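Only one structure is covered here, and it is reproduced in the block below.
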Amino acid sequence: MTDLRRTAFEVLPEHIRAYCEKSPVEYPEEIRLRTGSSVKLVSGGAERDTHSPAVTAEDLSRILEIATCASLHSAADSLKNGFITYKGIRIGTCGEAVTRNGEIYAFSRYTSLNIRIPNPFIGDLRKEAEEICALRANTLIVSPPGGGKTTALRELIRLISDEGYRVSVVDDRGEIFPGSEQGSTFAQGRCTDVISGADKESACLIMLRTMSPRFIALDEISRRQEMNAVREICGCGVNIISTAHGANAEEMRKRKGYGELFDEGIFTYVLEIGADGEKRTYRLRKIC
Numbered sequence: 010m011t012d013l014r015r016t017a018f019e020v021l022p023e024h025i026r027a028y029c030e031k032s033p034v035e036y037p038e039e040i041r042l043r044t045g046s047s048v049k050l051v052s053g054g055a056e057r058d059t060h061s062p063a064v065t066a067e068d069l070s071r072i073l074e075i076a077t078c079a080s081l082h083s084a085a086d087s088l089k090n091g092f093i094t095y096k097g098i099r100i101g102t103c104g105e106a107v108t109r110n111g112e113i114y115a116f117s118r119y120t121s122l123n124i125r126i127p128n129p130f131i132g133d134l135r136k137e138a139e140e141i142c143a144l145r146a147n148t149l150i151v152s153p154p155g156g157g158k159t160t161a162l163r164e165l166i167r168l169i170s171d172e173g174y175r176v177s178v179v180d181d182r183g184e185i186f187p188g189s190e191q192g193s194t195f196a197q198g199r200c201t202d203v204i205s206g207a208d209k210e211s212a213c214l215i216m217l218r219t220m221s222p223r224f225i226a227l228d229e230i231s232r233r234q235e236m237n238a239v240r241e242i243c244g245c246g247v248n249i250i251s252t253a254h255g256a257n258a259e260e261m262r263k264r265k266g267y268g269e270l271f272d273e274g275i276f277t278y279v280l281e282i283g284a285d286g287e288k289r290t291y292r293l294r295k296i297c
């Protein structure tokens, strides 16, 4: 059992954990818990039934209590955005929302949780990493949600770093290289520096000023401020590797913020992640 799988299982009530541990799924990507339904483990995008007893609201409350060290109040800012992070594992939440001025303020009742488990990369991205290095290509990794963007980003960072390029990683949620005081669970590469727990805009400026990176890598840029940080990075002659939700370059171009970045020549390549059955496929494309 991987360390992060073990970490994910430790937030589960014992009677649920037992069914997950008995599952034949070797590398679960997610644990799906919905009130009134059995627990499902996600692998290759498909939900596999553990045949556990139906999940209760009390089970979900217990999981959140464990994940927040019995302090839901301290995690309120994160929870109102629909997730919390526990030791590098993101736990997504759904339920009955409480709104203020049209915005979600909190949840009064939880009905489902999604525990996402970072997994080792399976495949080979050496050719893509070599091309990105040779071309100094600003690259956007795209896939639908749950398609393996962060896993691919982590592997590209390792490969590029091991080629001798300094890579600065902005890991605001601690999900690219989750770990502990003993170090990251995943290999980072020999020339990698990581800032975790800080917002992307601030961390990018720190990296530019202090670490002299050749590449800066960050996960899931979506806000206008984050896109402006990407512009700042590229304006300083540093290359960027990032991720975004989408199926392909054509879909990304239709989104206003990304369309602007493409038109400005900020991103020059897109790494599209697809699926061939349960196997993921990777296609590096130049943006015309």
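Start counting the sequence shown at 10; every next residue gets the next number (the working numbering). Even for Gly, the Cβ is constructed at its ideal location relative to N, Cα and C. Here the structure is a predicted model, which means the values were calculated and not measured.
Query                                                                                                                                                                 : Result
The alpha helix (DSSP H) spanning Thr94 covers which residue range?                                                                                                   : Note, Thr94: premise wrong, no alpha helix (DSSP H); beta strand (DSSP E) at Phe92 to Tyr95.
Rank Ile282, Glu139 and Arg233 by C-alpha distance to the C-alpha of Lys265 and give the top, closest one.                                                            : Arg233
Applying the 10 Å Cβ sphere with the 16-neighbour rule, what's the burial state of Glu164?                                                                            : buried
From the DSSP output, in three-state form, read off Asn248 for me.                                                                                                    : strand
Comparing C-alpha positions only, which one of Pro153, Ser177 and Leu293 sits nearest to Ile204?                                                                      : Ser177
Would you please state the rounded distance, in angstroms, between the beta carbons of Ile230 and Ala258? I believe it to be under 8 Å.                               : Ile230 to Ala258, Cβ: 16 Å. No contact.
What is the DSSP secondary structure of Val239, counted as helix, strand or coil?                                                                                     : helix
Which residues share a DSSP beta bridge with Thr148?                                                                                                                  : Ile250 and Tyr278
Are the segment 238-249 and the segment 193-203 touching by the rule of at least three beta carbon pairs closer than 8 Å?                                             : no
Looking only at DSSP bridge pairs, what is Cys200 linked to?                                                                                                          : In the DSSP output, where bridge partners are listed per residue, Cys200 has none listed.
Which residues in the same chain as Tyr174 place their Cβ atom closer than 7 Å to its Cβ, once the five residues preceding and following it in sequence are excluded? : Cys142, Cys200, Arg223 and Phe224
Strictly by DSSP, which residues pair up with Tyr36?                                                                                                                  : DSSP output for Tyr36 lists no bridge partner at all.
With distances taken between CB atoms, is the gap from Ser80 to Tyr28 smaller than 7 Å?                                                                               : no
Using alpha carbons as the reference points, say which of Glu172, Asp208 and Lys158 lies closest to Arg182.                                                           : Asp208
Look up Leu81 in the DSSP assignment and say whether it is helix, strand or coil.                                                                                     : helix
Could you check how far apart the C-beta atoms of Tyr95 and Val20 are, in whole angstroms? I think they sit under 8 Å.                                                : 6 Å
Nearest CA to the CA of Thr277: which residue from Cys243, Gly283 and Gly286?                                                                                         : Cys243
Since Ile150 contacts Leu162 with CB under 8 Å, what's their CB separation in whole angstroms?                                                                        : 6 Å
Going by C-alpha distance, which of Glu56, Gly206, Asp228 and Val239 is nearest Leu214?                                                                               : Val239
Pairing CB atoms from the segment 114-128 with CB atoms from the segment 74-94, are three or more of them under 8 Å?                                                  : yes
Per DSSP, what kind of secondary structure is Ile100 in: helix, strand or coil?                                                                                       : strand
If the criterion is Cβ atoms closer than 7 Å, does the pair Glu39 and Val51 meet it?                                                                                  : yes
Beta carbon of Ile100, beta carbon of Arg14: below 7 Å?                                                                                                               : no
Helix, strand or coil, according to DSSP, for Ala106 in the structure here?                                                                                           : strand
Using only the alpha-carbon positions, how far apart do Ala76 and Leu144 sit?                                                                                         : 43 Å
With Ser47 as the anchor, note down where its alpha helix (DSSP H) starts and where it stops.                                                                         : Note, Ser47: premise wrong, no alpha helix (DSSP H); not H, not E.
Among Thr65, Ile166, Phe18 and Ser70, which residue has its Cα nearest to the Cα of Ser46?                                                                            : Thr65
Using CA coordinates, which residue listed in Glu56, Met236, Pro187 and Arg109 is at the minimum distance from Glu210?                                                : Met236
Between the beta-carbon of Ile98 and the beta-carbon of Ala196, is there less than 7 Å?                                                                               : no
Just to confirm before moving on: does the CB-CB distance between Leu293 and Glu137 stay below 7 Å?                                                                   : yes
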